[in-house]
Amino acid sequence: MAGAPAADGIRVQLMTAAEGAAKAAAERGQRAFANSIVGSLVKVRKYEDNELRARALSVIPSDKLEAAAAAAVAQSGRAIADELLRQLLTWFKEEFFAWCQAPVCRACGGGTQGAGAVAPAAEEAAFGAAVTEIYRCPAAGCGAETRFPRYNDPGKLLETRMGKCGEFANAFTLCCVAMGYEARHVHDHTDHVWTEVWSAAQHRWIHCDPCESQMDNPLLYEAGWGKQLNYIIAVSVTGVADVTRRYTRQWDAVAARRTKVSEAWLANHIAELNAGIQAALPPKRARDVAARLAAEQVELAVAILTPLQAAERARLRGRMTGSVEWRAARAELGLGDGETRIEVVEPIDPAAPTRIRWWAPARAEFEASYLDAIAVRRVDGTTVDTQRVFAHGEDHGEVVFPPGVVAPGHVVVYLLCGDVESVAASVEVVAGRERECERQHEREHEREHERQHEREHERQHERKRERICPS
Numbered sequence: 001m002a003g004a005p006a007a008d009g010i011r012v013q014l015m016t017a018a019e020g021a022a023k024a025a026a027e028r029g030q031r032a033f034a035n036s037i038v039g040s041l042v043k044v045r046k047y048e049d050n051e052l053r054a055r056a057l058s059v060i061p062s063d064k065l066e067a068a069a070a071a072a073v074a075q076s077g078r079a080i081a082d083e084l085l086r087q088l089l090t091w092f093k094e095e096f097f098a099w100c101q102a103p104v105c106r107a108c109g110g111g112t113q114g115a116g117a118v119a120p121a122a123e124e125a126a127f128g129a130a131v132t133e134i135y136r137c138p139a140a141g142c143g144a145e146t147r148f149p150r151y152n153d154p155g156k157l158l159e160t161r162m163g164k165c166g167e168f169a170n171a172f173t174l175c176c177v178a179m180g181y182e183a184r185h186v187h188d189h190t191d192h193v194w195t196e197v198w199s200a201a202q203h204r205w206i207h208c209d210p211c212e213s214q215m216d217n218p219l220l221y222e223a224g225w226g227k228q229l230n231y232i233i234a235v236s237v238t239g240v241a242d243v244t245r246r247y248t249r250q251w252d253a254v255a256a257r258r259t260k261v262s263e264a265w266l267a268n269h270i271a272e273l274n275a276g277i278q279a280a281l282p283p284k285r286a287r288d289v290a291a292r293l294a295a296e297q298v299e300l301a302v303a304i305l306t307p308l309q310a311a312e313r314a315r316l317r318g319r320m321t322g323s324v325e326w327r328a329a330r331a332e333l334g335l336g337d338g339e340t341r342i343e344v345v346e347p348i349d350p351a352a353p354t355r356i357r358w359w360a361p362a363r364a365e366f367e368a369s370y371l372d373a374i375a376v377r378r379v380d381g382t383t384v385d386t387q388r389v390f391a392h393g394e395d396h397g398e399v400v401f402p403p404g405v406v407a408p409g410h411v412v413v414y415l416l417c418g419d420v421e422s423v424a425a426s427v428e429v430v431a432g433r434e435r436e437c438e439r440q441h442e443r444e445h446e447r448e449h450e451r452q453h454e455r456e457h458e459r460q461h462e463r464k465r466e467r468i469c470p471s
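So the sequence shown is numbered by the UniProt record's numbering: it starts at 1 and just counts up by one.
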């Protein structure tokens, strides 16, 4: 029995150590979560800079967008401000900003392959880059390295006009604020970001994803891409909100994945942040903001109880930005009930055939022929044409539609065999992807020409200075 007290003492020590480790882990999780919100607050406060807003307005064709919005209102039924937002989103995606999976080679203009990441150079860090990705040209006789700084400075992004979802959301949110909208920067903790914009006409926040050119389609990620959501936090200069419930109809499953911090801590932390933010606002504005945040929580509580509607389901699709392989690695190709869809939004040459690329990885429980066909449909659901897929054991390929079949406004879908309910698969309109790459190449060449012109101007200035002031 002499050993019993000693054993009890050891158990107490172990329990104390375990409790201490758990507390330390919880505190680390809380610090990391708090820091992510602080980062978003810093970001959105930059949008309040008048000079930065003016720079954004200088690149936005506001007259053109306002005219297009006025012409579209009768058909869309939206309020003019909401329709203008739709026009801004489309312009940003289709004309202004380009997705950059990998930058073009700085030496030969060809494609590049990822070769790791390094700390940013001083001039890159000056514009908010925390990391610089390195890409290497695989072409024989080239092999040049191209740097891709992941800039966080929204003003710099107005110049580079390219990036991934982080750059898209950062620059687009700035453009929204510059156009007079109240906008939030939205951080999905499963690695995506987008924007929410307040609709004065609808008295609610509207989801806007500039990467995907999607507006008011919040179930896109869970029911379209197949993402396993946990935390989605929206931040603006007037407040912070946990908006996760707007983006899910599977709240119980999402709640089970919310293990980074306790629900009580998160609610208290957001309440403390909002109290501090509202204290700095004029009294009436603070009261309005507080009332709006409270009303939003009621809206979100109702949202998770509302079944997915047919109109919502019709707009779902897998992720479209990024290479198929990259999307597959992130499990964002989409989970379907027999089909997934791509809305054709870019011009298609009516005189040329349209190639549709498909990719469907083999699944052990299915034969290779589970992908049955690629179809082109009108927005009302009627089919324009269908091409059968003959995989022959391959996991990717193409089908070709005759000239004039695929047009803007059509929807391209993949169809599965009848006994297959859900697979990871994707289709893409090849012509649209190629145009995006061409725009990126053109912008790179334009920027290189501008840099050469600036360097030549500097050399001329230096030669002139040397003639005037010889050493």
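Glycine residues also receive a C-beta, built at the ideal position from the N, C-alpha and C atoms.
Within the chosen definition, does the region 26-45 reach the region 244-263 through at least 3 CB pairs nearer than 8 Å?
These segments touch.
May I have the straight-line CA-CA distance separating R249 from L88, to the nearest angstrom?
Working through the sequence shown from its first residue, we reach residue 249 at position 249. Working through the sequence shown from its first residue, we reach residue 88 at position 88. Approximately 29 Å between the Cα atoms of the pair.
With three or more beta-carbon pairs closer than 8 Å as the criterion, would you say the region 63-75 touches the region 117-132?
No, the region 63-75 does not touch the region 117-132.
Do you know offhand how far residue 489's Cα is from A183's?
In the structure as shown, the chain starts at 1 and stops at 471, and residue 489 therefore has no counterpart that could be examined.
Using the three-state DSSP reduction, which class does D188 fall into: helix, strand or coil?
If you number the sequence shown from 1, residue 188 lands on position 188. Three-state result, D188: strand.
Would you call Q214 buried or exposed, if buried means 16 or more other Cβ atoms sit within 10 Å of its Cβ?
In the sequence shown, the residue the question calls residue 214 occupies position 214. Around the beta carbon of Q214, 16 or more other beta carbons lie within 10 angstroms, which makes this residue buried.
Since L52 contacts W91 with CB under 8 Å, what's their CB separation in whole angstroms?
Walking along the sequence shown from the start, residue 52 turns up at place 52. Walking along the sequence shown from the start, residue 91 turns up at place 91. Not a contact, Cβ separation roughly 19 Å.
Helix, strand or coil, according to DSSP, for Y135 in the structure here?
Taking the sequence shown and counting its residues from 1, one reaches residue 135 at position 135. It is a strand residue.
So is A56 buried or exposed if we call it buried at 16+ other beta carbons inside 10 Å?
Translated into the one-based positions of the sequence shown, residue 56 becomes position 56. A56 is buried by the Cβ-count criterion.
For I233, name the three-state secondary structure that DSSP assigns.
The residue you call residue 233 lines up with position 233 of the sequence shown. In this structure, I233 counts as strand in the three-state DSSP scheme.
Considering only C-alpha positions, which residue in the set W205, T190 and R388 is nearest to Y231?
The count along the sequence shown starts at 1 and reaches residue 231 at position 231. It is T190.
Given R245, which residues of its chain have a CB within under 6 Å of its CB, disregarding the five upstream and five downstream residues?
Walking along the sequence shown from the start, residue 245 turns up at place 245. Excluding residues within five positions, the ones whose Cβ falls inside 6 Å are L300, A303 and I304.
Roughly how many whole angstroms lie between the Cα atoms of G128 and N152?
Along the sequence shown, read from residue 1 onward, the residue named residue 128 stands at position 128. Along the sequence shown, read from residue 1 onward, the residue named residue 152 stands at position 152. Taking C-alpha positions only, G128 is separated from N152 by approximately 5 Å.
Own chain, CB closer than 7 Å to V177, minus 5 neighbours either side, in chain order:
Position 177 of the sequence shown, counted from the start, is the residue given in the question as residue 177. Leaving aside the five residues that flank V177 on each side, the residues in its chain whose CB is nearer than 7 Å to its CB run, in chain order, Y47, R53 and A183.
Per-residue DSSP class, three states only, for F172
Taking the first residue of the sequence shown as 1, we reach residue 172 at position 172. Of the three classes helix, strand and coil, the one that applies to F172 here is helix, per DSSP.
Just the Cα atoms here: how many angstroms apart are Y181 and A144?
Residue numbering aside, residue 181 sits at position 181 when the sequence shown is read from its first letter. Residue numbering aside, residue 144 sits at position 144 when the sequence shown is read from its first letter. The alpha-carbon atoms of Y181 and A144 are separated by roughly 43 Å.
Residue from Y247, A69, H192 and I374 whose Cα sits closest to the Cα of G166:
By 1-based counting over the sequence shown, the position of residue 166 is 166. Checked all of Y247, A69, H192 and I374; the closest Cα to G166 is H192.
Suppose you measure from the CA of P408 to the CA of A280; what does that come to, to the nearest Å?
Your numbering for residue 408 matches position 408 in the sequence shown. Your numbering for residue 280 matches position 280 in the sequence shown. Between P408 and A280, the C-alpha separation is close to 48 Å.
Which first and last residues belong to the beta strand (DSSP E) in which E222 is found?
Position 222 of the sequence shown holds residue 222. No beta strand (DSSP E) holds E222; DSSP gives it neither H nor E.
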